[in-house]
Amino acid sequence: MWIIHNSYFHLLCASILTVSVYMVGLPGGFYFDDEWNILQNQALQLDTLSLEGLWAAMASGTAGPLGRPVAMLSFALNHAFFGLDPYYFKSVNLFIHLACGWAIYGLVVVLAGYLPVKLDSRKHLFAFFVMLLWLLHPLNLTAVLYPVQRMAGLSALFCLLGMLSYVLARRCSRDRMAAKAGLYICSFVLFWPLALASKENAALFPVYLFLLELTFLRFRPIGRDEVSRPLVLAYSGFLVMPAVLTALYFIVFPDWILNGYLNRDFSFQERLLTEARILIFYLGQLLVPLNSSLGMFHDDFILSTSLISPWTTLPAVLIVIFSIVWALLRVGRYPVIAFGLLFFFAAHSLESSVLALELVHEHRNYLASFPILMAIAYCLLACGEAGLRLKMLLSVSLILFLAVTTLFRAAVWGSPALHVMSEVMNHPLSPRANYGMGRQYAVYASSLPDSPQKMDALQEAAGYFKKSTELRASYTDGLFGLLMMEAMEGRDMGDTAFRDLLSRLAGAPFANNNYNYLNSLISCIENDDCQVSKDKVAAIIDASLENPMFTGRHREFILRRYEAYQKRL
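Just so you know, we're using numbering that gives the first Met the number 0 here: the sequence shown kicks off at 0 and counts up by one.
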């Protein structure tokens, strides 16, 4: 049947279905990191397009060591054409999501020729199934409907295009050296730098290529059975030497990594132990996604303080180790499953290992999920003795399940009020979810005239703000929420809460949000939107400056703003 082989039909159907599922989520608002990366970033808000303005926008990023200039440029162009409307930011993310799906389709079609069970007559259908699984999986939703996660989307897109270019180059015969060279240039000189400039986890791109060689290409030139020694040596130098040098640097200068934990609520050891359980959580959600377990915030994830606390830590560590060892030993016999497992763990090796980053974020699975879903599709379509009709029935049922699950989740994200309510219902012990609910009530109260209804809304907001501070000893967002309600609505936050705010600013890990709130507080006062006594402002600034972790350009910027504020008094 032509439907089985027609790529254009597959791409069109997948695109229509994906857009239909995600459309309900596009009207939602901005969230969390969007505030400081997009809404408060004046360099992105260009009135006219100019090279100077675009360059300033590219250089305005504060996330990651490279600043992610490609992603920042895309945000600036988004604003230039559509303003600060979240609908269009999410629409562009959705297009990037579709482009990633198309790249996955192309890559799987090419890799199908290397599978142990040949799918020559059904390779396009297999690729169609993998693409649909990935496009419609609810775990990938945050990279689409969370505007700032375009960084993850662009990085994944360029990595996928780079992998596709590389595999196509490896398939070129000797009489097509010009095409081969051009594809290699696209892979290493074009797509890899673009991926790095979108998000730094693209530094793992050479590892992804190595895994393609290890599992599918087998380091063999096209049309030959023997291993290419130059290729093996090239990868040895390209991967082993940097890994050894990095490990040696960490051994000689451990503070390079460990100093980052001075500003976290968990230790180096606790992070490593906890991440094993988090990786199993990710895999569980890939296999059986449940909207009640998913969410924007997972700051309620319980820390592992030892191998037996909680008891699931040791089994998780053993499962991770066993999975990696099994995949390495079974590369030849089960290359698709081995590729899925090794790629998944490799893709998490930066953000889910030793670096002092936050523990859990769903968008970290955006690229990592693709090989796992490819392995699921392969096992379903190519393995076992079941007939084609039964396999197709199971495949369609799985696609419908994912589509409906993502549709419900997207509908929740499409309504800001429903979204924050869902977050706090599914994650009642999350400080951020409780803060979000409190902020929603505070915003609602600000739209009401003085009335009992307004007082009730402010009371609800205060309750959620207070709960968020009780859930984590270092968390300050809820206390700043109480302060802003006092400043804007005249509702006294209380001396105890204010002393608690000062204590956390001075002695707890100094989160980036503290800097953002200090900046917003001064701006709010300067714009006459807030009424805060100069003594309270001074106490807040002094407490912040006492914190040894409040350093660098953020500290200098707040000092300059505070000095300017004092001169205007």
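Note that beta-carbon positions come from the ideal geometry of N, C-alpha and C, so glycine has one too. Remember, predicted model here, so these are calculated numbers, not experimental data.
Local conformation of residue i per DSSP, three classes
i: SER348; result: coil
i: SER543; result: helix
i: ALA367; result: coil
i: HIS360; result: coil
i: VAL188; result: helix
i: GLY462; result: helix
i: HIS553; result: helix
i: VAL324; result: helix
i: ARG329; result: coil
i: ASN526; result: coil
i: HIS78; result: helix
i: MET483; result: helix
i: GLU225; result: coil
i: TYR273; result: Checking the sequence shown, residue 273 turns out to be Thr, not Tyr. THR273 falls in the helix class under three-state DSSP.
i: HIS123; result: helix
i: PHE252; result: coil
i: MET492; result: coil
i: MET57; result: helix
i: HIS4; result: helix
i: THR404; result: helix
i: PHE509; result: coil
i: LYS535; result: helix
i: ALA416; result: helix
i: SER473; result: coil
i: LEU25; result: coil
i: CYS12; result: helix
i: GLY66; result: coil
Those residues which DSSP pairs with residue i across a bridge
i: PHE291; result: Inspection of the sequence shows that residue 291 is occupied by Ser rather than by Phe. Its beta-bridge partners do not exist; DSSP assigns none.
i: SER305; result: SER308
Inter-residue Cα distance where the pair is residue i and residue j
i: GLY551; j: ASP32; result: 20 Å
i: LEU45; j: PHE127; result: 40 Å
i: TYR21; j: TRP54; result: 32 Å
i: SER303; j: ASN5; result: 50 Å
i: ARG471; j: PRO68; result: 34 Å
i: ARG217; j: LEU93; result: 35 Å
i: LEU261; j: ASP299; result: 20 Å
i: PHE249; j: TRP310; result: 30 Å
i: ALA444; j: GLY28; result: 18 Å
i: ALA201; j: ALA58; result: 19 Å
i: THR404; j: GLU199; result: 31 Å
i: PHE157; j: GLN148; result: 15 Å
i: ASP449; j: LYS566; result: 34 Å
i: MET130; j: PRO334; result: 19 Å
i: GLU274; j: GLU562; result: 43 Å
i: VAL319; j: TYR7; result: 39 Å
i: SER351; j: LEU358; result: 7 Å
i: LEU72; j: ILE37; result: 11 Å
i: TYR434; j: MET240; result: 46 Å
i: ASP476; j: LEU208; result: 42 Å
i: LEU399; j: LEU406; result: 10 Å
i: GLU555; j: GLY112; result: 58 Å
i: PRO192; j: ALA70; result: 13 Å
i: LYS453; j: VAL423; result: 22 Å
i: PHE549; j: VAL108; result: 51 Å
Nearest-angstrom beta carbon gap, residue j and residue i [assumed within contact, 8 Å]
i: TYR516; j: ILE557; result: Not really, about 10 Å apart at Cβ, beyond 8 Å.
i: SER154; j: SER186; result: Not a contact, Cβ separation roughly 15 Å.
i: MET162; j: LEU211; result: 6 Å
i: ALA409; j: LEU43; result: With a Cβ gap of about 26 Å, ALA409 and LEU43 do not count as contacting.
i: LEU182; j: LEU167; result: 5 Å
i: LEU244; j: LEU272; result: Not confirmed; about 27 Å, so no contact.
Buried versus exposed call for residue i [16 or more other C-beta atoms within 10 Å across all chains shown]
i: MET150; result: buried
i: GLY82; result: exposed
i: PHE252; result: exposed
i: ALA374; result: buried
i: PHE464; result: buried
i: SER291; result: exposed
i: GLY480; result: buried
i: LYS533; result: exposed
i: MET436; result: buried
i: THR61; result: exposed
i: ASN512; result: buried
i: PHE80; result: exposed
i: ASN364; result: buried
i: GLU225; result: exposed
i: PHE204; result: buried
i: PHE190; result: buried
Any chain D beta carbon closer than 8 Å to residue i
i: HIS9; result: The chain inventory of the structure shown lacks chain D, comprising one protein chain alone.
Residue i Cβ short of 7 Å to the ligand ZN heavy atom set
i: LEU447; result: With respect to the ligand ZN, the structure offers nothing, as it holds no ligand at all.
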